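In what follows, a structure is listed as structure tokens, so that the remarks can point back to it.
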Amino acid sequence: MTRSVVIGIDKGTSSLKTIAVDLATGELVAECGARTPSVYPTAGRHEEDPEQTWATVAGTIRAVVDALGVGTSIAGVGVTGHMGGLWTVGHDGAPVGHAICWPDARATGVLDAVHDRGHLDALFEISGNALIPGTPYPLLAWMKRAEPERYARIRHFFMAKDYVNYRLTGVVATEESDLSFAPCDFRNRRKAEEFFTAFGIEEMSPRLPEVGVSTDLLGTVTAAASAETGLPVGTPVSAGTGDATANMIGIGAAHDGQAVTTIGTSLMNGTSTDHPLLEPAGVGFGFLMPENRWQRQITNSGGGTLCLDWVINTFCPAEVERMARGATTLGDVVRGFARQTEPGSGGLVFHPYLNTAGATAPFLDVNARGSFVDFRPDTSSAELVRAVMEGTALSVRDCYDAMPVRIDEIRLTGGGARSVEWSQIIADVLQKTIVAPDVPESGALGAAMLAAVATGQYADLDAATAQLVRPGRVHEPDPETASTYDEAFAIYRAVLEPLRDVWAATAETERLITA
């Protein structure tokens, strides 16, 4: 009996993954991962050699295809990738130099100049995106000034997953989600000429390729791509999507009232809506979702597992020593501390702003620092650890409160989502249902789901979600903790403004000391 699968490819910033999913059972039947081959020519620069990246992607695809063996039909391929950055091809179809990745900071001065001219607020009102240096328009403006000969050779520019699609199909195109981070006219879902004008790159407007929809078919696998990947010639390839939208689709949160929080180094909080949402103003990102939906995402950079690692490494030396010799695990340490302390951590409140860039959501403050409120002589290590877990949850609540939409359910992903105790704390602090789906590769799965819809395997994403997304753990909020966490959140918010004065004074003192 022939088994039918769909393949999903997630071309990430630091790693990439290719998976094959059984369309009948939702089972992950094959996977292969690899490190993304990055290049760091100087401080603040992050590049990739497109040829090397494609060879690495093709290698993971071939490994998955080989693992499937005979008797398996590949119904389609979907690709996702990190958003932003700049990937270019010339008139000969070859890359115009290295790709520039989204963490790259070379265009910071360009963005500062646009800010000084007073354009950023108006551009946010169009796009719903707080611009960062590593997006296409600032990078193109930088290249026009710094490398004019290279700039003149560009025939098309697009994003990471678009380059993978190009190598698979020979088709030059992008789609709505990556367009939205370029960015675009968020409300009307189209290219915005205002950005080309603001950055002085009007001649690049016609070089942005055709913009498709994520659930559309893009093309089919070429003979050249087949030879490199093992995919059969003619295999359908969907238009794909950016990683932010792929993760939301792959975790099954694409409806009103649903949100996704990723607990990684940072806390990424996003929700899908049936209308364009641009609040909070000047903060976060807006992404175009398939099926005429929008996504709003705001991120507390460094507010997630970075904080938990810090508190354990700093205040729990005995546990660190036991972990180092294999006598315990981080999960067991967190579990033990969380269970030793009552909700509220004895009144201790933590603000999770340990990122060197300060606070990035739901407000911007480059001077922000982490803080404990109500630190006492008898404060225990367990209270410190639980307070940090609660503080990250309070930050999540703060972010969602800043978005004027109803949220009934939050789906968790990322490394922190593996902690049952942390997941329950978030449910209690927000008094919302928390779901931690059994989805190890949500980005690649989201791309695979789009390919399944594009090829007609499922009527829409709802049908694909029902078949392919496994629900996993569900955490219902404990109503008995509501008043405790309401009080903690009130304190968390009340001291923010006084703390901002302290942060500003501290930053000024540091500046004077280092001057």
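In full-length UniProt numbering, the protein residues as written are 1 to 515. Positions of the beta carbon are idealized from the N, C-alpha and C atoms, including for glycine. Predicted model only: the values in this text are computed from it and were never measured.
Pick out whichever of the options has its Cα sitting closest to the Cα of residue i.
i: Thr-192; options: Ile-19, Arg-145 and Ser-127; result: The residue you asked about is not Thr; residue 192 is Ala in the sequence shown. Comparing Cα positions, the closest option is Ser-127.
i: Phe-124; options: Ile-201, Pro-276, Leu-16 and Pro-103; result: Pro-276
i: Leu-384; options: Thr-341, Ile-407 and Thr-356; result: Thr-341
i: Cys-307; options: Ala-393, Gly-84 and Ala-141; result: Ala-393
i: Gly-240; options: Ala-94, Thr-433, Ala-444 and Thr-60; result: Ala-444
i: Ala-387; options: Glu-476, Pro-377 and Gly-347; result: Gly-347
i: Arg-418; options: Gly-33, Val-334 and Leu-430; result: Val-334
i: Gly-230; options: Ala-466, Met-143 and Val-57; result: Val-57
i: Pro-133; options: Pro-103, Glu-48, Val-495 and Asp-462; result: Pro-103
i: Arg-106; options: Thr-135, Trp-87 and Pro-95; result: Thr-135
i: Thr-360; options: Val-435, Gly-282, Val-405 and Arg-406; result: Gly-282
i: Asp-378; options: Arg-153, Leu-111, Ala-55 and Ser-345; result: Ser-345
i: Pro-280; options: Thr-235, Thr-220 and Asp-398; result: Asp-398
i: Gly-76; options: Thr-235, Tyr-166 and Tyr-400; result: Thr-235
i: Ala-246; options: Trp-422, Asp-22, Thr-261 and Val-79; result: Val-79
Please confirm whether residue i and residue j have their CB atoms less than 8 Å apart.
i: Ser-395; j: Pro-352; result: yes
i: Thr-265; j: Gly-242; result: no
i: Gly-250; j: Val-439; result: yes
i: Ile-263; j: Gly-414; result: yes
i: Asn-129; j: Phe-285; result: yes
i: Thr-60; j: Thr-36; result: no
i: Asp-408; j: Gly-270; result: no
i: Glu-48; j: Ala-99; result: yes
i: Ala-244; j: Lys-11; result: no
i: residue 516; j: Leu-86; result: The requested residue 516 is not part of the displayed model; the chain covers only 1 to 515.
i: Val-164; j: Gly-81; result: yes
i: Met-289; j: Phe-181; result: no
i: Ala-225; j: Arg-167; result: yes
i: Val-366; j: Ala-357; result: yes
Drop a sphere of 10 angstroms on the beta-carbon of residue i, count the other beta-carbons inside from all chains shown, and report buried for 16 or more, exposed for fewer.
i: His-91; result: exposed
i: Thr-481; result: buried
i: Ile-298; result: buried
i: Leu-218; result: buried
i: Ala-24; result: exposed
i: Ser-238; result: buried
i: Asn-292; result: exposed
i: Ile-513; result: exposed
i: Tyr-40; result: exposed
i: Gly-456; result: exposed
i: Leu-169; result: The displayed chain sequence assigns Thr, not Leu, to residue 169. By the 10 Å Cβ count, Thr-169 comes out buried.
i: Ala-30; result: buried
i: Gly-326; result: exposed
i: His-475; result: buried
i: Gly-304; result: buried
Based on the DSSP output, what are the partners of residue i in its beta bridges?
i: Phe-287; result: Gln-295
i: His-475; result: Ile-434
i: Leu-28; result: Val-21
i: His-351; result: Ser-371
i: Pro-95; result: Val-89
i: His-156; result: Val-89
i: Thr-273; result: Trp-294
i: Lys-11; result: Leu-16 and Gly-81
i: Asp-365; result: Ala-359
i: Thr-220; result: Pro-236
Does the beta-carbon of residue i, which I'm using as the reference point, lie nearer than 7 Å to any heavy atom of the ligand HEM?
i: Ser-272; result: Looking for the ligand HEM in the displayed structure turns up nothing, as the structure carries no ligands at all.
task = Please confirm if the stretch 441-451 is in contact with the stretch 480-489, defined as three or more CB-CB distances below 8 Å between the two stretches.
result = no
query = Do the stretch 402-420 and the stretch 364-374 meet, that is, are 3 or more Cβ pairs less than 8 Å apart?
reply = no
inquiry  = Assess contact between the stretch 172-188 and the stretch 115-122, defined as three or more Cβ pairs (one per stretch) separated by less than 8 Å. Is contact present?
reply    = no
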